[in-house]
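As given, the protein sequences belong to chains A and B, one line each in that order.
Per this note's numbering: the first sequence ends with 480, consecutive numbering throughout.
Per this note's numbering: the second sequence ends with 480, consecutive numbering throughout.
Even for Gly, the Cβ is constructed at its ideal location relative to N, Cα and C.
Here the structure is a predicted model, which is why all the values come from computation and not from measurement.
Report on the following structure.
There are 2 protein chains.
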Amino acid sequence: MNTVALGANPANARDPLSLVFAALADPTRRAMLTRLRRGPATVSELGEPFDMTGPAVSKHLRVLERAGLVARGRVAQSRPATLKAEPMKQVAEWAEEFREFWGQRYDRLDDYLNVMADDDPKDHA
Amino acid sequence: MNTVALGANPANARDPLSLVFAALADPTRRAMLTRLRRGPATVSELGEPFDMTGPAVSKHLRVLERAGLVARGRVAQSRPATLKAEPMKQVAEWAEEFREFWGQRYDRLDDYLNVMADDDPKDHA
Numbered sequence: 356m357n358t359v360a361l362g363a364n365p366a367n368a369r370d371p372l373s374l375v376f377a378a379l380a381d382p383t384r385r386a387m388l389t390r391l392r393r394g395p396a397t398v399s400e401l402g403e404p405f406d407m408t409g410p411a412v413s414k415h416l417r418v419l420e421r422a423g424l425v426a427r428g429r430v431a432q433s434r435p436a437t438l439k440a441e442p443m444k445q446v447a448e449w450a451e452e453f454r455e456f457w458g459q460r461y462d463r464l465d466d467y468l469n470v471m472a473d474d475d476p477k478d479h480a
Numbered sequence: 356m357n358t359v360a361l362g363a364n365p366a367n368a369r370d371p372l373s374l375v376f377a378a379l380a381d382p383t384r385r386a387m388l389t390r391l392r393r394g395p396a397t398v399s400e401l402g403e404p405f406d407m408t409g410p411a412v413s414k415h416l417r418v419l420e421r422a423g424l425v426a427r428g429r430v431a432q433s434r435p436a437t438l439k440a441e442p443m444k445q446v447a448e449w450a451e452e453f454r455e456f457w458g459q460r461y462d463r464l465d466d467y468l469n470v471m472a473d474d475d476p477k478d479h480a
């Protein structure tokens, strides 16, 4: 248990799922993935809707590639990017594990605080 | 379109969904959320399985709170944390939009590169 990464900075987290979540924590990268649902795209095609320079697009693509969300072509000079959506399945499955709690908000905390108020405080130290 | 946040660093992303993804990009924080499925927990209860100090737990909780994934009790001194799973629904829904691509990997890139090879290069500049 002590080997788990404790860093609060997502950039330090190295496990595959953390890389995926960190890659998705940016609206431009999410928009790029949405664009790639329509099919592979070159760097210039990806940068156009955001007025982004080639290097800025490439930087985002490297983050997405490292997370396994994008693959780059090796043949053509333009190295088109294509969607690899497999990690998205893991994201969905992880979030789905919380489905039974989606509707709930503060009710359980209220219940818990009520129990605590009636209870011996030393049980909750 | 130019108003979209272009920073590559997830910590700079301020939109709600980016905050959620960034909060989930850490295995300890994900484990804390999984623990909270069993019910609210105090800082010391949350830190125990990871051998974490109170301040380290509190730091993670602040990230989760800011993302709307956790609420803290205001009554008791121990300020128990409780799960707020609503943002997880947004995560699942976002990932689900890619469902039709989950099984696919490189096939579409191969198709695309084959088309490019047969095609006039200036169409892909």
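query: What is the rounded straight-line gap between the Cα of V446 of chain B and the Cα of L388 of chain A?
result: The alpha-carbon atoms of V446 of chain B and L388 of chain A are separated by roughly 14 angstroms.
query: Using 8 angstroms as the Cβ pair cut-off and three pairs as the minimum, do the segment 399 to 408 of chain B and the segment 416 to 427 of chain A touch?
result: In short, these stretches do not touch, since the Cβ pair count stays below three.
query: If we ignore side chains and look at the alpha-carbon of each, how far apart do R489 of chain B and V375 of chain A end up?
result: Outside the shown range of chain B, which is 356 to 480, sits residue 489 of chain B, and nothing can be said about it.
- prompt: Between A:M443, A:L372, A:A436, which lies nearest to V397 of chain A when the distance is taken from Cα to Cα?
  reply: For the sequence presented, residue 397 of chain A should be read as Thr rather than Val. Comparing alpha carbon positions, the residue from A:M443, A:L372, A:A436 closest to T397 of chain A is A:A436.
message: If you measure between the beta carbons of G423 of chain B and K439 of chain B, is that distance less than 8 angstroms?
response: For G423 of chain B and K439 of chain B, yes; Cβs fall inside 8 angstroms.
- prompt: Alpha carbon to alpha carbon, how far is K414 of chain A from A426 of chain B?
  reply: If you draw a straight line from the Cα of K414 of chain A to the Cα of A426 of chain B, it is about 35 angstroms long.
- prompt: Among the residues of its own chain, which have a CB less than 6 angstroms from the CB of D370 of chain A, if the five just before and after it don't count?
  reply: Cβ neighbours of D370 of chain A beyond the five flanking positions: none.
- prompt: Which residues, in order along the segment 432 to 455 of chain B, keep a beta-carbon less than 7 angstroms from a beta-carbon of chain A?
  reply: Within the segment 432 to 455 of chain B, the residues whose Cβ lies closer than 7 angstroms to some Cβ of chain A are S433, P435, T437, L438, K439, A440, E441, M443, K444, V446, A447, A450, E451, F453, listed in chain order.
message: Which of the three DSSP states is assigned to R427 of chain A in this structure?
response: In the structure shown, R427 of chain A adopts extended strand secondary structure according to DSSP, grouped into three states.
- request: Identify every run of the alpha helix (DSSP H) within the segment 369 to 394 of chain B, keeping only runs that are complete inside it and at least 4 residues long; order them along the chain.
  value: Residue ranges of uninterrupted alpha helix (DSSP H) with 4 or more members, entirely inside the segment 369 to 394 of chain B and ordered along the chain, are 371 to 379, 382 to 391.
field: Interface partners of P410 of chain A on chain B, CB under 7 angstroms
entry: Those do not exist, as P410 of chain A stays about 11 angstroms from chain B at its closest Cβ, beyond 7 angstroms.
- prompt: Once you ignore the five residues that flank R392 of chain B on each side, which residues in its own chain have a CB closer than 8 angstroms to its CB?
  reply: So the qualifying residues of the chain are L438.
message: Against chain A, does P371 of chain B count as a neighbour if the rule is that its beta carbon must be under 8 angstroms from one of theirs?
response: No, its Cβ sits nowhere closer than 8 angstroms to a Cβ of chain A.
Assigned secondary structure, T358 of chain A (DSSP; H/G/I helix, E/B strand, else coil): Note that T358 of chain A has pLDDT 40, beneath the 50 cutoff, so the model's placement of it is unreliable and no number is given.
Contact set for W449 of chain A: own chain, Cβ-Cβ below 8 angstroms, skip 5 residues either direction: Apart from sequence neighbours up to five positions away, the residues of its chain that approach W449 of chain A with a beta-carbon distance below 8 angstroms are L372, ordered along the chain.
message: Give me the chain A residues within the contact set of R392 of chain B, using Cβ-Cβ distance strictly less than 9 angstroms, ordered along the chain.
response: Within chain A, the residues near R392 of chain B are E452, F453, E455, F456.
message: Tell me which residue opens and which closes the beta strand (DSSP E) that A436 of chain B is part of.
response: Following the DSSP letters along the chain, one finds A436 of chain B inside the beta strand (DSSP E) bounded by residues 436 to 438.
message: Between which two residues does the alpha helix (DSSP H) holding S413 of chain B run?
response: Run containing S413 of chain B: 409 to 421, per the alpha helix (DSSP H) assignment.
- prompt: Around the Cβ of D381 of chain A, are there at least 16 other Cβ atoms within 10 angstroms (buried) or fewer (exposed)?
  reply: Classification for D381 of chain A: buried.
- request: Could you list which residues in chain B have their beta carbon closer than 7 angstroms to that of L379 of chain A, in chain order?
  value: In chain order: F376.
message: If I measure Cβ to Cβ from T408 of chain B and keep anything under 8 angstroms in the same chain, skipping five residues before and after, which residues do I get?
response: Hits under 8 angstroms: G402.
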